[in-house]
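Line by line, the protein sequences are chains W and E.
Mind the numbering: the first sequence is residues 0 to 277 in numbering that gives the first Met the number 0, read in order.
Mind the numbering: the second sequence is residues 0 to 277 in numbering that gives the first Met the number 0, read in order.
Quick reminder that beta carbons are idealized off the backbone N, C-alpha and C, glycines included.
What follows is one structure encoded as structure tokens, with my remarks underneath.
Number of protein chains: 2
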Amino acid sequence: MRISIVGLGLIGGSMALDLKASGFATEVIGVDISESHCQQALQRNLVDRILPIEQAIDQSELIILAMSVHHIIKTLPQVLDQVESQVVIDVGSTKQLISEAVKDHPKRANYLGTHPMAGTEFSGPQAALKNLFRNKVVIFCDVQESSKSAILIANEVYDCLRMPIVKMTSRQHDKHVAYVSHISHISSFALALTVLKKEKDEQHILNLASGGFDSTVRLAKSNPEMWSSIFVQNSENAIEVLDNYVTQLKKLRKAIESRDLHLLNSIIMEANKIKKIL
Amino acid sequence: MRISIVGLGLIGGSMALDLKASGFATEVIGVDISESHCQQALQRNLVDRILPIEQAIDQSELIILAMSVHHIIKTLPQVLDQVESQVVIDVGSTKQLISEAVKDHPKRANYLGTHPMAGTEFSGPQAALKNLFRNKVVIFCDVQESSKSAILIANEVYDCLRMPIVKMTSRQHDKHVAYVSHISHISSFALALTVLKKEKDEQHILNLASGGFDSTVRLAKSNPEMWSSIFVQNSENAIEVLDNYVTQLKKLRKAIESRDLHLLNSIIMEANKIKKIL
Numbered sequence: 000m001r002i003s004i005v006g007l008g009l010i011g012g013s014m015a016l017d018l019k020a021s022g023f024a025t026e027v028i029g030v031d032i033s034e035s036h037c038q039q040a041l042q043r044n045l046v047d048r049i050l051p052i053e054q055a056i057d058q059s060e061l062i063i064l065a066m067s068v069h070h071i072i073k074t075l076p077q078v079l080d081q082v083e084s085q086v087v088i089d090v091g092s093t094k095q096l097i098s099e100a101v102k103d104h105p106k107r108a109n110y111l112g113t114h115p116m117a118g119t120e121f122s123g124p125q126a127a128l129k130n131l132f133r134n135k136v137v138i139f140c141d142v143q144e145s146s147k148s149a150i151l152i153a154n155e156v157y158d159c160l161r162m163p164i165v166k167m168t169s170r171q172h173d174k175h176v177a178y179v180s181h182i183s184h185i186s187s188f189a190l191a192l193t194v195l196k197k198e199k200d201e202q203h204i205l206n207l208a209s210g211g212f213d214s215t216v217r218l219a220k221s222n223p224e225m226w227s228s229i230f231v232q233n234s235e236n237a238i239e240v241l242d243n244y245v246t247q248l249k250k251l252r253k254a255i256e257s258r259d260l261h262l263l264n265s266i267i268m269e270a271n272k273i274k275k276i277l
Numbered sequence: 000m001r002i003s004i005v006g007l008g009l010i011g012g013s014m015a016l017d018l019k020a021s022g023f024a025t026e027v028i029g030v031d032i033s034e035s036h037c038q039q040a041l042q043r044n045l046v047d048r049i050l051p052i053e054q055a056i057d058q059s060e061l062i063i064l065a066m067s068v069h070h071i072i073k074t075l076p077q078v079l080d081q082v083e084s085q086v087v088i089d090v091g092s093t094k095q096l097i098s099e100a101v102k103d104h105p106k107r108a109n110y111l112g113t114h115p116m117a118g119t120e121f122s123g124p125q126a127a128l129k130n131l132f133r134n135k136v137v138i139f140c141d142v143q144e145s146s147k148s149a150i151l152i153a154n155e156v157y158d159c160l161r162m163p164i165v166k167m168t169s170r171q172h173d174k175h176v177a178y179v180s181h182i183s184h185i186s187s188f189a190l191a192l193t194v195l196k197k198e199k200d201e202q203h204i205l206n207l208a209s210g211g212f213d214s215t216v217r218l219a220k221s222n223p224e225m226w227s228s229i230f231v232q233n234s235e236n237a238i239e240v241l242d243n244y245v246t247q248l249k250k251l252r253k254a255i256e257s258r259d260l261h262l263l264n265s266i267i268m269e270a271n272k273i274k275k276i277l
């Protein structure tokens with residue numbers, strides 16, 4: 000199948016690698032507003048050709064939108080305006096506003112919203128990796144709104160990437176990812192800011208950063224454009240989980256301030272229950 | 000040199016492995032209040048013999064205290080009461096209160112406070128690892144209070160473990176580790192609690208946990224006894240950094256709530272500066 004990938008970053012580039020390697024994509028056409036991304040994607044053989052989006056749509060059976068959600072929400076309706084029988088999927092990290100943006104579109108059924116839950120803190124075509132998605136979960140949203148052929152093709156795509164599929168509404172999706180992904184990033188950005196601010200006064204504080212710090216702050220390296228648009232589109236859920244998070248921090252603060260060994264012990268034992276799922 | 004290690008957990012056990020492998024320790028005597036820890040340490044050959052602490056002190060040239068800081072602060076003065084020429088080091092994650100507890104002890108100079116900045120989220124003798132410490136930093140505190148021979152022996156110990164040494168006061172130490180270690184753990188415990196609380200309502204929320212969540216929540220598996228006693232002993236610094244952290248979270252909250260793409264972008268770009276040191 001000839002496919003177009005719009006947005007040649009970490010996710011789009013990594014999908015290109017696996018879809019070509021599996022033979023599912025006989026040709027990958029790349030689309031990106033960044034000239035340097037296009038050049039890098041060609042050099043790394045992520046894509047076979049670069050085309051403007053209109054021509055790419057005309058020449059493909061499947062179009063994958065892999066830009067920031069901010070760009071997906073603007074581009075998806077335009078893509079649907081142009082498609083005939085082509086299938087369109089997006090891989091954005093928010094779903095509700097994107098889904099609403101095409102709710103009444105005559106070609107709505109050609110589209111399926113998906114979210115492959117994989118990534119790293121790096122971005123751009125140079126960050127693309129083989130097997131990035133393997134054994135991670137992909138979420139399909141609002142499948143009842145999509146045609147059988149759209150669902151069939153999306154199934155094939157994520158079979159090639161070896162991703163188990165979970166189905167839910169885009170509303171459920173946005174709530175869940177706020178808990179399992181967005182809050183981790185908020186927490187990590189805030190942690191980086193806290194320590195960087197202190198560093199101005201305390202020069203060698205960061206020489207000491209060891210294992211624990213690395214892993215909690217790793218996500219703070221994540222792409223600003225991607226994450227600012229996620230937070231804008233999932234504002235309400237992100238605020239809800241952030242408020243719950245601050246409530247838990249206050250509970251810990253109170254126990255630390257009162258130097259209550261027994262209470263701290265029981266709070267941490269409660270947090271330890273995360274072992275059962277990780 | 001014959002050494003005693005009091006506390007046969009992750010840190011004590013891992014030190015035993017490296018100090019024996021390097022030949023520095025000709026014999027390692029193990030001390031632990033937990034009978035099962037003693038048995039596991041013997042089975043894994045972390046230690047050669049188990050003795051009660053009084054006998055272990057008498058038969059060693061070096062005593063390493065590797066328990067929770069809560070136990071170190073009670074045990075260190077008793078150990079110093081008994082030593083003659085032996086050197087005593089501790090490897091606790093807080094230093095100021097421990098240092099104060101022996102400030103006027105006649106054998107104060109036999110003791111040096113150290114903190115090897117390495118670890119994992121696992122605990123107990125089974126968690127002990129070879130080369131856990133290699134190329135991580137160790138902090139020596141208040142070296143002017145220790146005898147030349149205590150410093151010399153501590154230097155040899157951490158040479159064997161391949162750890163570069165940083166020197167500071169115990170007061171500076173406690174402030175710095177609050178920023179580069181303790182807040183990461185507080186953040187991670189709170190994150191685990193937030194998500195576990197939500198899970199009660201939303202059954203399959205955790206099936207979705209992907210890379211980002213794993214790495215930020217990993218530390219929430221850490222040992223309750225160890226961390227509750229760290230927070231009690233470093234309460235003031237932990238509260239200071241926690242308050243700074245919540246200030247940064249509020250800044251992010253405001254930008255997310257106002258859906259201000261530009262502001263979010265600039266905050267995340269600021270957080271990205273952590274790249275320069277990680």
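For residue 234 (chain E), the enclosing alpha helix (DSSP H) begins and ends at 234-256.
Within 10 angstroms of the beta-carbon of residue 253 (chain W) lie fewer than 16 other beta-carbons, which makes it exposed.
The region 104-121 of chain W and the region 131-142 of chain W touch, with no fewer than 3 CB-CB distances between them shorter than 8 Å. Membership of residue 7 (chain E) in any alpha helix (DSSP H) is not indicated, and neither H nor E is assigned to it by DSSP.
For residue 261 (chain W), the enclosing alpha helix (DSSP H) has its first and last residue at 260-271. With contact defined as three or more Cβ pairs closer than 8 Å, the region 139-146 of chain W and the region 223-241 of chain W are not in contact.
Taking residue 169 (chain E) as the centre and dropping the five residues before and after it, the same chain places the C-beta of 94, 95, 98, 112, 140 and 141 closer than 7 Å to its C-beta, in chain order.
The continuous beta strand (DSSP E) containing residue 114 (chain W) extends over residues 110-115.
With its beta carbon at least 8 Å from every one in chain E, residue 74 (chain W) lies outside the interface. Sequence-distant partners of residue 26 (chain E) (beyond 5 residues in either direction) whose C-beta falls short of 8 Å from its own C-beta, in its chain, are 1, 2, 47 and 48. Between the C-alpha atoms of residue 181 (chain W) and residue 236 (chain E) there is a straight-line separation of about 28 Å.
Of all alpha-carbon atoms in E:7, E:171, E:44 and E:90, the one lying nearest the alpha-carbon of residue 33 (chain E) is that of E:7. Annotation for residue 18 (chain E): 2, 24, 27, 156, 159 and 160 place their beta carbon closer than 8 Å to its own, counting only its chain and skipping 5 residues before and after. Less than 8 Å divides the Cβ of residue 65 (chain E) from the Cβ of residue 90 (chain E). Apart from the 5 residues on each side of it in sequence, residue 88 (chain W) sits with its Cβ closer than 6 Å to the Cβ of 63, 111, 113 and 153 in its chain, given in chain order. Rounded to the nearest whole angstrom, the CA to CA distance from residue 22 (chain W) to residue 13 (chain W) is 15 Å.
Cβ-Cβ separation between residue 29 (chain W) and residue 10 (chain W): approximately 13 Å, too far for a contact (criterion under 8 Å). Ranked by Cα distance from residue 61 (chain E), the first of E:69, E:70 and E:81 is E:81. Setting aside the 5 residues that flank it on each side, residue 174 (chain W) is surrounded in the same chain by 236, each with a C-beta closer than 6 Å to its C-beta; the list follows chain order. When secondary structure is reduced to three states using DSSP, residue 0 (chain E) falls in the coil class, being assigned neither helix nor strand. Of all alpha-carbon atoms in E:35, E:232 and E:221, the one lying nearest the alpha-carbon of residue 100 (chain E) is that of E:232. For residue 164 (chain W), the uninterrupted beta strand (DSSP E) segment begins and ends at 164-167. The C-beta distance from residue 150 (chain E) to residue 220 (chain W) rounds to 38 Å, too long to fall under 8 Å, and the pair is not in contact. Exposure of residue 73 (chain W) is indicated by the presence of fewer than 16 other C-beta atoms within 10 angstroms of its C-beta. Looking at the DSSP output, residue 29 (chain E) sits in a beta bridge with E:4 and E:49. Between residue 66 (chain W) and chain E, the shortest Cβ-Cβ separation is not below 8 Å.
For residue 216 (chain W), the chain E residues whose Cβ falls inside 7 Å of its Cβ are 273 and 277, in order along the chain. Under the three-state reduction of DSSP output, residue 176 (chain W) falls in the helix class.
Runs of the beta strand (DSSP E) lying entirely within the region 35-89 of chain W, each at least 3 residues long, are 61-64 and 86-89 in chain order. Residues of chain E with a Cβ closer than 8 Å to the Cβ of residue 197 (chain W) are, in chain order, 178, 240 and 243. A distance of 8 Å or more separates the beta carbons of residue 186 (chain E) and residue 92 (chain W). Residue-level contact check: residue 36 (chain W) does not touch chain E, since none of the beta carbons of chain E fall below 8 Å from its beta carbon.
With contacts defined as CB atoms closer than 8 Å, residue 245 (chain E) and residue 194 (chain W) fail to qualify as a contacting pair. Distance between residue 225 (chain E) and residue 36 (chain E), taken at the CA atoms: about 15 Å.
Bounds of the alpha helix (DSSP H) holding residue 152 (chain W) are 147-159. Around the beta carbon of residue 197 (chain W), 16 or more other beta carbons lie within 10 angstroms, which makes this residue buried.
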